[in-house]
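K.L.:
Chains as they are written, first to last, in this note's numbering: chain A, 6 to 124; chain B, 6 to 124; chain C, 6 to 124; chain D, 6 to 124.
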């Protein structure tokens with residue numbers, strides 16, 4: 006990874022240390038980590054499931070604090086899984102934005118939520 | 006955000022630009038972004054659903070390429086959602102590691118996958 | 006299962022036949038089936054992720070047809086997983102309603118979406 | 006719905022009664038119900054995330070009891086969502102099995118977990 010990623014590198018190392026200290030590597034197959042990540046993404050979604058879109062834009066502080074914890078859980082499993090698969094997350098993210106730019110050309114996608122296959 | 010995060014800041018800005026160019030902000034309520042994030046996390050999980058844990062550790066190149074794309078989608082929605090909620094992802098992630106260290110003390114959690122409430 | 010469940014019993018048997026004919030039992034561990042179920046639930050969610058709540062109440066016919074397929078996928082994996090674990094789905098569902106009635110007493114829960122732990 | 010579905014009809018009615026008594030219909034847009042369903046499917050998945058496939062086939066009784074509760078939650082939200090969209094779940098499920106039989110012809114799909122688009 007390059008200089009851009011020093012924050013994600015520090016996080017990756019902190020997560021390695023955490024898991025090693027607890028002998029948790031045995032549970033951290035990519036299959037299991039992908040499950041854990043999906044579970045945390047759903048815990049994050051749960052904070053919003055009965056809110057209106059407007060309410061979701063104006064979260065009270067204690068709710069925002071809970072959401073912040075779930076965002077953190079998702080990032081931690083994402084970084085851990087990317088580490089196990091030796092994937093550069095930031096590079097992958099930028100590559101995907103490039104691909105999406107082709108799938109969703111501005112002139113055809115502007116103002117529409119349709120999936121690229123339905124454009 | 007601080008110097009550590011320059012990679013995530015660049016990504017956040019690229020995602021703002023992408024959505025603005027397509028007039029997509031109207032769809033990007035936190036509620037909707039949390040849904041989209043959960044959907045992408047499940048698309049990532051789908052790549053592993055029929056694999057054994059061992060197979061998940063030895064992905065063929067074309068499979069790894071597909072997984073890499075899904076990891077990117079998850080990070081992109083995570084950064085977008087954190088941006089809308091003005092949450093510093095890296096700080097939140099490190100704070101959560103601290104909290105987890107208390108929930109899962111090494112002497113009690115070592116070698117066990119039990120949830121903290123069952124320790 | 007009792008007479009009430011003849012529909013779910015027929016579905017369970019059709020799914021057994023389908024998997025047996027394709028020698029798919031080897032992939033149908035409860036762990037894998039739970040993953041597949043979560044993936045299908047997210048595919049269902051995807052149909053709604055950019056819609057407003059009002060739009061979700063007035064789906065055009067072609068959209069409803071796609072949603073119907075995803076509802077079917079979720080039920081099929083749910084019945085298959087319950088079969089593997091020898092769980093009577095209808096009985097479990099009614100038992101859970103009883104438990105929820107205690108968690109969410111009418112006088113305290115009426116008109117509120119708060120989780121029972123926050124009531 | 007026909008005679009086959011009397012169990013699902015009874016469940017549908019019990020869920021209507023439960024929500025009406027608590028004035029919860031206001032929260033039960035299809036969009037919100039789809040979110041809640043995805044959240045419950047992930048809570049079910051969480052019970053398996055660190056288990057091996059073999060362990061998932063041999064759940065201890067207290068674990069099976071917890072899984073049973075999550076299976077119930079998924080079915081309850083599925084029936085509630087299908088009710089709101091006026092979808093006959095059993096018919097949809099059987100129709101999907103027919104469609105899957107074409108996507109996964111026995112001679113080509115036997116013994117393989119490949120997705121139909123990769124067959």
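Glycine is no exception: its CB is placed at the ideal position from the N, C-alpha and C atoms.
Since the model is a prediction, treat every value here as computed from it, not as a measurement.
1. First and last residue of the alpha helix (DSSP H) that includes residue 119 of chain B?
2. Against residue 61 of chain C, what residues of chain D qualify as contacts under a CB-to-CB distance less than 7 Å, listed in chain order?
3. Give me the chain D residues within the contact set of residue 51 of chain A, using Cβ-Cβ distance strictly less than 7 Å, ordered along the chain.
4. Along chain A, which residues have their Cβ under 7 Å away from the Cβ of residue 27 of chain B?
5. Would you call residue 122 of chain B buried or exposed, if buried means 16 or more other Cβ atoms sit within 10 Å of its Cβ?
6. Roughly how many angstroms lie between the CA atoms of residue 120 of chain B and residue 108 of chain B, to the nearest whole one?
7. Closest Cβ-Cβ distance between residue 101 of chain B and chain E: below 8 Å?
8. Under 8 Å by Cβ, that's how I've got residue 44 of chain B and residue 54 of chain C pegged, so tell me the actual separation to the nearest angstrom.
9. List, in order along the chain, the chain C residues whose C-beta lies closer than 7 Å to that of residue 73 of chain D?
10. With residue 47 of chain A and residue 47 of chain D assumed to form a contact (beta carbons below 8 Å), what rounded beta-carbon distance in angstroms separates them?
11. Helix, strand or coil, according to DSSP, for residue 53 of chain B in the structure here?
12. My guess is that residue 124 of chain D and residue 113 of chain D are in contact by the Cβ rule of under 8 Å, so how many angstroms apart are they, rounded?
13. Going by alpha carbons, who is nearest to residue 13 of chain A out of B/111, B/105, B/96?
14. Would you identify the three-state DSSP class for residue 44 of chain B, choosing helix, strand or coil?
15. Which bits of chain B does residue 41 of chain C rub up against, with CB to CB less than 7 Å?
16. So what does DSSP say about residue 82 of chain D, is it helix, strand or coil?
17. Along the chain, where does the alpha helix (DSSP H) containing residue 23 of chain B start, and where does it finish?
18. Given 7 Å as the limit, tell me if residue 109 of chain B has its C-beta closer than that to any heavy atom belonging to the ligand FAD.
19. What is the DSSP secondary structure of residue 94 of chain B, counted as helix, strand or coil?
20. Taking all protein chains shown into account, do 16 or more other C-beta atoms lie within 10 angstroms of the C-beta of residue 10 of chain D, making it buried, or fewer, making it exposed?
21. Look up residue 61 of chain B in the DSSP assignment and say whether it is helix, strand or coil.
22. Going along chain A in order, which residues have a C-beta closer than 8 Å to the C-beta of residue 83 of chain B?
23. If we call anything under 8 Å between Cβ atoms a contact, is residue 49 of chain C one with residue 84 of chain C?
24. According to DSSP, simplified to helix, strand and coil, what is residue 99 of chain A?
25. In or out: residue 6 of chain A buried (at least 16 other Cβ within 10 Å) or exposed?
26. When the distance is taken between beta carbons, is residue 58 of chain C closer than 8 Å to residue 101 of chain D?
27. Compare the C-beta of residue 67 of chain A against all C-beta atoms of chain B and say whether one is closer than 8 Å.
28. Within the continuous alpha helix (DSSP H) that includes residue 123 of chain D, where are the two ends?
29. Is the distance from the Cβ of residue 19 of chain B to the Cβ of residue 99 of chain A below 8 Å?
30. With 8 Å set as the bound, which would you pick, yes or no: does the beta-carbon of residue 58 of chain D sit closer than that to a beta-carbon of chain B?
31. Of all the CB atoms in chain A, is at least one closer than 8 Å to the CB of residue 47 of chain D?
32. To the nearest angstrom, how far is the alpha carbon of residue 103 of chain C from that of residue 71 of chain A?
33. Between the beta-carbon of residue 56 of chain A and the beta-carbon of residue 36 of chain B, is there less than 8 Å?
34. Measuring only the C-alpha atoms, how far is residue 106 of chain B from residue 22 of chain A?
35. Using DSSP with H/G/I as helix, E/B as strand and the rest coil, what is residue 6 of chain B?
P.N.:
Let me lay it out:
1. Unbroken run through residue 119 of chain B: none, as it is neither H nor E.
2. By Cβ distance, chain D contributes 34, 35, 36.
3. Simply 44.
4. Residues of chain A passing the Cβ test: 109, 111, 114, 115.
5. Label assigned to residue 122 of chain B: exposed.
6. So the alpha carbons of these two residues sit roughly 9 Å apart.
7. This model lacks chain E altogether, as its protein chains are A, B, C and D.
8. Their Cβ separation, rounded to whole angstroms, is 6 Å, which keeps residue 44 of chain B and residue 54 of chain C in contact under 8 Å.
9. Result: 92, 97.
10. Right, their Cβ atoms sit about 3 Å apart.
11. Reduced to three states, the DSSP call for residue 53 of chain B is coil.
12. Indeed they touch by this definition, with Cβ atoms about 5 Å apart.
13. Comparing Cα positions, the closest option is B/96.
14. In the structure shown, residue 44 of chain B adopts helical secondary structure according to DSSP, grouped into three states.
15. What residue 41 of chain C touches in chain B: 54.
16. Residue 82 of chain D: helix per DSSP, three-state reduction.
17. Residue 23 of chain B -> alpha helix (DSSP H) spans 11–26.
18. The model on display carries no ligand, and the ligand FAD is accordingly not part of it.
19. The answer is helix: DSSP assigns residue 94 of chain B an H, G or I state.
20. Buried.
21. In the structure shown, residue 61 of chain B sits in a helix (DSSP, three-state: H, G or I).
22. Neighbours of residue 83 of chain B on chain A, chain order: 76, 79, 80, 83.
23. Contact: no.
24. Looking at residue 99 of chain A - three-state DSSP - the assignment turns out to be helix.
25. Confidence in residue 6 of chain A is poor, its pLDDT being 48 and thus under 50, which makes the residue's placement too unreliable to answer from.
26. Not a contact, by the Cβ cut-off of 8 Å.
27. For residue 67 of chain A, the nearest beta carbon of chain B is not closer than 8 Å to its own beta carbon.
28. Taken as a continuous stretch (DSSP letters only), residue 123 of chain D belongs to no alpha helix (DSSP H), as it is neither H nor E.
29. Yes, the pair counts as a contact, with Cβ atoms nearer than the cut-off.
30. So, interface residue.
31. With 8 Å as the cut-off, residue 47 of chain D counts as an interface residue toward chain A.
32. Between residue 103 of chain C and residue 71 of chain A, the alpha-carbon positions lie close to 29 Å from each other.
33. Yes, these two residues count as a Cβ contact at 8 Å.
34. Residue 106 of chain B and residue 22 of chain A have their C-alpha atoms some 11 Å from each other.
35. Its pLDDT being 48, under 50, residue 6 of chain B is placed unreliably by the model, and nothing is read from it.
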